[in-house]
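Q:
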Amino acid sequence: MLQRKICLLGAFGVGKTSLVRRYVDTIFSDAYLTTVGVKIDKKVVSLGAEQVALILWDIAGEDEVAAVRMSYLRGAAGYLLVADGTRPETLEAATSIQSRIVVELGRVPFLALLNKADLAQDWAISAARLQALEDAGWTFRRTSAKTGAGVEATFEELAALLAR
Amino acid sequence: MLDLPARISNSLFALVQTQRAVAHLLVDDTQTLVQAGGHLDHYGLSGLRCGEPACDQVPLLEGLLPLAETPFLIRSMEMPSGRVADVHFIADESAVWILLLDVTAEHDEARRVQQKAYDMTLLSQREARLIEQLESANQELTRAHRELAESREALLRTHHRLQQELRDAERYVRAILPAPLTQPFALDWRFVPSTELGGDSFGYHWIDPEHFALYLIDVCGHGVGAALLSVAVADTLRSEALPRTDFRKPGEVLAALNQAYQMARHDELFCTVWYGVYHRDAGLLRYACAGHPPAILVSGPRDCAGQGRSLAAAGPCVGISAAASYREEQCSLGSPARLFVFSDGTFEISRPDGSQMAFSDFTDMITRPVEEGECELDRLLDYARQVHGGETLEDDFTILRMAL
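Here the protein sequences line up with chains A and B, keeping their order.
Okay, so the first sequence: first residue is 8 according to my numbering, each after it adds one.
Okay, so the second sequence: first residue is 1232 according to my numbering, each after it adds one.
(1) Would you say residue 19 (chain A) lies against chain B (beta-carbon separation less than 9 Å)?
(2) With burial defined as no fewer than 16 other Cβ atoms inside 10 Å of the residue's Cβ, what is the status of residue 1468 (chain B): buried or exposed?
(3) Counting only C-beta atoms, is residue 1291 (chain B) closer than 9 Å to chain A at any point?
(4) For the 8 Å Cβ check, are there 3 or more pairs between the region 1484-1499 of chain B and the region 1541-1551 of chain B?
(5) How would you write the range of the beta strand (DSSP E) that residue 1456 (chain B) sits in, first residue to last?
(6) If you draw a straight line from the alpha carbon of residue 1586 (chain B) to that of residue 1517 (chain B), how long is it in whole angstroms?
(7) Along the chain, where does the alpha helix (DSSP H) that runs through residue 1590 (chain B) open and close?
(8) Less than 7 Å between C-beta atoms, sequence neighbours within five positions excluded: which residues of the same chain meet that for residue 1208 (chain B)?
(9) Using three-state DSSP, classify residue 164 (chain A) as helix, strand or coil.
(10) Along chain A, which residues have their Cβ under 7 Å away from the Cβ of residue 1315 (chain B)?
(11) With a 10 Å radius around its C-beta and 16 neighbouring C-beta atoms as the bar for buried, classify residue 1244 (chain B) as buried or exposed.
(12) Distance check for residue 1390 (chain B) and residue 1634 (chain B), CA to CA, integer angstroms please.
(13) Three or more C-beta pairs closer than 8 Å, one from the region 127-135 of chain A and one from the region 104-119 of chain A: is that the case here?
(14) With 9 Å set as the bound, which would you pick, yes or no: does the beta-carbon of residue 196 (chain A) sit closer than that to a beta-carbon of chain B?
(15) Unbroken alpha helix (DSSP H) runs of length 4 or more, entirely within the region 1509-1559 of chain B: which are they?
(16) Which of the three DSSP states is assigned to residue 1615 (chain B) in this structure?
(17) Check this for me: beta carbons of residue 117 (chain A) and residue 30 (chain A), under 9 Å apart or not?
(18) Whose CA, out of A:15, A:39, A:33 and A:12, lies closest to the CA of residue 1343 (chain B)?
(19) Beta-carbon of residue 1332 (chain B) versus every beta-carbon of chain A: anything under 9 Å?
(20) Using only CA atoms, which one of B:1315, B:1359, B:1456 and B:1480 lies nearest to residue 1557 (chain B)?
(21) Here's a check: name, in chain order, each residue in its chain whose Cβ is nearer than 6 Å to the Cβ of residue 1452 (chain B), leaving out the five neighbours to either side.
(22) Can you pull out the residues from the region 79-95 of chain A whose beta carbon lies closer than 7 Å to at least one beta carbon of chain B?
(23) According to DSSP, is residue 1309 (chain B) helix, strand or coil?
(24) Start and end of the alpha helix (DSSP H) containing residue 23 (chain A)?
(25) Quick check for students: name the residue ranges of the beta strand (DSSP E) that lie wholly in the region 120-171 of chain A, counting only runs of 3 or more.
(26) Among all the DSSP beta bridges, which residues are the ones paired with residue 1562 (chain B)?
(27) Would you kindly check if the distance between the Cβ of residue 1500 (chain B) and the Cβ of residue 1460 (chain B) is under 9 Å?
(28) What separation, rounded to the nearest whole angstrom, lies between the Cα atoms of residue 1659 (chain B) and residue 1462 (chain B)?
(29) Which residues, in chain order, does the region 1344-1358 of chain B contribute to contact with chain A at a C-beta distance below 7 Å?
(30) For residue 1594 (chain B) and residue 1379 (chain B), I'd like the C-alpha separation in whole angstroms.
(31) Any beta-carbon of chain A closer than 9 Å to the one on residue 1294 (chain B)?
(32) Quick check: what's the CA-CA separation for residue 82 (chain A) versus residue 1370 (chain B)?
(33) I'd like to confirm the pairing. Which residues does DSSP put opposite residue 1416 (chain B) in its beta bridges?
(34) Looking at C-beta atoms only, is the number of pairs between the region 1432-1452 of chain B and the region 1558-1575 of chain B that lie closer than 8 Å three or more?
(35) At 9 Å on the CB atoms, spell out the chain B contacts of residue 102 (chain A), in chain order.
(36) Mark residue 1293 (chain B) as exposed unless 16 or more other C-beta atoms lie within 10 angstroms of its C-beta, in which case mark it buried.
What follows is the structure in structure tokens.
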């Protein structure tokens, strides 16, 4: 079976682990548990007649002390950059990570996720900033690990991009 | 390398192997699993099959082989069993050794510390955002407050200007009221609007040397509109400006007035009118009424209790129906007698408890004997204010007294 490594990256607390739990196990917990190191999950999806095993690397979030280890992305076919729509600074963290990935791996398919879309009243990312990044080639998807909105569709959209 | 005797090196290796639950995999250059051993169960990696593709059996290897650098370490990888391992990759000629060393205890400790640090950071970020929102809201409120203050000042300026205009208008309304008479009979009045401009007006004048007209108008409502209409109606009567009308005939006057002041052409305002004509030589009073309270005639000397006679006449308010007609009545008017013409604001007085003054209280007041030096108009006004419980009455207080 075809296997594709996909990394989830972003600042700490944006919901990377929750997105994987929602996608792989269809569960969600409100309790925030930080990730240290790496957690790997596997999910098999059907793309047309073909089955593809997605190897999901949930990598500990970046903070002011520890940067994401770019060597962990080695062999990744694509990645999901996750930001928290209620914390604008996490979108800037995502842009920083993305620029380092380009240096390390070159142009690899990715989608940018604006997570916590269920917290619409606390939404804090400006449309102008999103437009600027879209103009730079980014593709945004709004997701909510809490409600499940946009989660499965986004993972499978990236899987389809990788299978081409 | 440590320069240790073999027995110490072996003890150290045994210690690491026991405490770190070491497991190992060997993958050749075709990415086939060649060898697997150690504590594989500890990591949930039992059942591996040598001679088959390594990446299919151990997903973490996907994309990492062949090695780009050696040695290569992945720290704190959560394994299928839930244990956490440091995963070491070491190239050995064309093959790659993968060594797993348990670091679950260190991982858990690091996670506890990191969890607290992140919780604190998230809280401080949230606090900073809230402070920013509060500051923004505060600025917005300050701006709104400033605008409100400016609007209030503008409103106050407009209010003061309008107040001044209203005072000017009130002065005008008062200025055109006729002065009290003393000859050939006494005629006095009290006019106290409930607001600066009321809906009451009145007048009297000699139509000819024998006929004296007396009238009171009460327009529904108060304020500028009511005052304008009231003054206009009074002026129409004063100047006898109704075509083909004999002002000595009260019924004819009110019918013509009703034609001239239909509410459809006067902003839906209508009014009540009492209009009487005193024929001096005949000692006769003719009168008609358009929805107005009846006048009261009190016969007899002032210092004796009198008997009040109601001077009512049928007829609707002026302005409501163009087809209205007004019945004319008459009565003798000989000395000594006092005729009171008034608006409803003189007797429809509410008490502080909400109850209404009785009309009989009003008639009692004007039929009561009047002492020397006393004025029954002031007595009545004082009584109305006392009943109401304040200087400012709810409705216009207008009363005329003609004393023969």
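No residue lacks a Cβ here, since even glycine has one placed at the ideal position from N, Cα and C.
A: Well, looking at it:
(1) yes
(2) Within 10 angstroms of the beta-carbon of residue 1468 (chain B) lie 16 or more other beta-carbons, which makes it buried.
(3) For residue 1291 (chain B), the answer is yes, since a Cβ of chain A falls inside 9 Å of its Cβ.
(4) yes
(5) Residue 1456 (chain B) -> not in any beta strand (DSSP E); alpha helix (DSSP H) instead, spanning 1455-1469.
(6) Distance between the alpha carbons of residue 1586 (chain B) and residue 1517 (chain B): 36 Å.
(7) 1590-1598
(8) An answer regarding residue 1208 (chain B) cannot be provided, because it is not within the stretch 1232 to 1635 covered by chain B.
(9) Reduced to three states, the DSSP call for residue 164 (chain A) is helix.
(10) 44
(11) Under a 10 Å Cβ-count criterion, residue 1244 (chain B) is classified as exposed, with fewer than 16 other Cβ atoms of the shown protein chains found around its own Cβ.
(12) 43 Å
(13) no
(14) No answer is possible for residue 196 (chain A): the residues shown for chain A start at 8 and end at 171.
(15) none
(16) helix
(17) no
(18) A:39
(19) no
(20) B:1480
(21) 1430
(22) 79, 81, 82, 83 and 94
(23) strand
(24) 23-27
(25) 147-149
(26) Note: residue 1562 (chain B) is bridge-paired with B:1516 in the DSSP secondary-structure output.
(27) Less than 9 Å divides the Cβ of residue 1460 (chain B) from the Cβ of residue 1500 (chain B).
(28) In the structure as shown, chain B begins at 1232 and stops at 1635. Residue 1659 (chain B) is therefore absent and cannot be evaluated.
(29) 1345, 1346, 1349, 1353 and 1356
(30) 52 Å
(31) yes
(32) 51 Å
(33) Looking at the DSSP assignment, residue 1416 (chain B) forms no beta bridge with any residue, so it has no partner.
(34) yes
(35) Residues of chain B passing the Cβ test: none, with the nearest at roughly 18 Å.
(36) buried
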